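Q: Numbering follows the working numbering, with no gaps: position 36 of the sequence shown is 170. For every residue, glycine included, the Cβ atom is placed at its ideal position computed from N, Cα and C. Keep in mind the model is a prediction, meaning the values are calculated, not measured.
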Amino acid sequence: MPETTHTISISGKTIPYKIRVSTRATRLRITVTGSGVTVTLPKGVPQREAENFLKQNLVWLNTQLERTAILTKPS
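This is the structure:
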């Protein structure tokens, strides 16, 4: 299944994220890289769970986004 792009608004910030469905995944996973946020879902888990999972991990997500922004800043 191809990745789909979505956005979530949290604390006045709009954060784009991709949803990837994996037949090998056994749990939900958030990955934050310089190219963005990806939520990996096990096959059979509804896509709406991705947004709920991001909201449940809001503090961690904000920390990772700030850290990634600092690390990818050009010198």
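Contact criterion: CB-CB distance below 7 angstroms. Does Thr-174 meet it with respect to chain D?
A: Given the protein chain composition of this structure (a single chain), no chain D is represented.
Q: Pair every Cβ in the stretch 175-186 with every Cβ in the stretch 199-206, then say whether three or more of these pairs are closer than 8 angstroms.
A: no
Q: Measure the alpha-carbon distance for Ile-149 versus Lys-189 and round it to whole angstroms.
A: 11 angstroms
Q: Which residue marks the beginning of the beta strand (DSSP E) containing Val-179, and which one marks its end?
A: Segment: none, Val-179 is in no beta strand (DSSP E) and carries neither H nor E.
Q: Give me the residue from Ala-159, Pro-180, Lys-152, Gln-181 with the minimum Cα distance to Thr-167.
A: Lys-152
Q: What does the alpha-carbon distance come out to for the pair Pro-176 and Val-155?
A: For Pro-176 and Val-155, the distance between alpha carbons rounds to 6 angstroms.
Q: Could you check where the alpha helix (DSSP H) with Thr-202 kicks off and where it finishes?
A: 192-205
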